[in-house]
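Residue numbers 5 to 126, in this note's numbering, belong to the letters of the sequence shown in order.
Virtual Cβ for every residue (Gly too), placed ideally from N, Cα, C.
Only a predicted model underlies this, so the values are computations on that prediction, with no experimental measurement involved.
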Amino acid sequence: MSPTKTAEASAAEQVPPTRMPLPGDPEDAAIDEACRDLRLPAFRERFVELAAVARREQSTYKQFLLDLLRTEVADRDVRRQQRLVRAAKFPRPKRLEDFDFDKNPNVSPGSRRRSEVRVLGP
């Protein structure tokens, strides 16, 4: 073994296998770059957090990967729903709680239960 390889081997032995990558770690930078290239924003944002949880719970690699993928899928579902609502261009959110029953004489006081009120129009 050359002196360089011996120094590298002893340095590798000194680093515990369960250490968290430091914020400036090249591994984190590579993961961040790969997530950007693959367009995985939730994966990129939550990787360190989920890695810490996986290490604490001693999860398998498959479980860790599954957690990351589920996070990404859930984030994409939320963003898709938001995108579809924006694309629908609804004028504004309307809720039954916001409806002013006093200004509409056609709604009788007895029919104000939630299941019986039908509001039509913009």
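- Arginine 40 places its beta carbon 8 Å or farther from that of arginine 50.
- Per DSSP, reduced to three states, the secondary structure at valine 111 is coil, with no helix or strand assignment.
- At a Cβ-Cβ threshold of 8 Å, alanine 38 and glutamate 76 do not count as neighbours.
- Within 10 angstroms of the beta-carbon of leucine 70 lie fewer than 16 other beta-carbons, which makes it exposed.
- Under the criterion of beta carbons closer than 8 Å, glutamine 67 and alanine 55 do not qualify as touching, at roughly 12 Å.
- Boundaries of the alpha helix (DSSP H) around threonine 75: 65 to 92.
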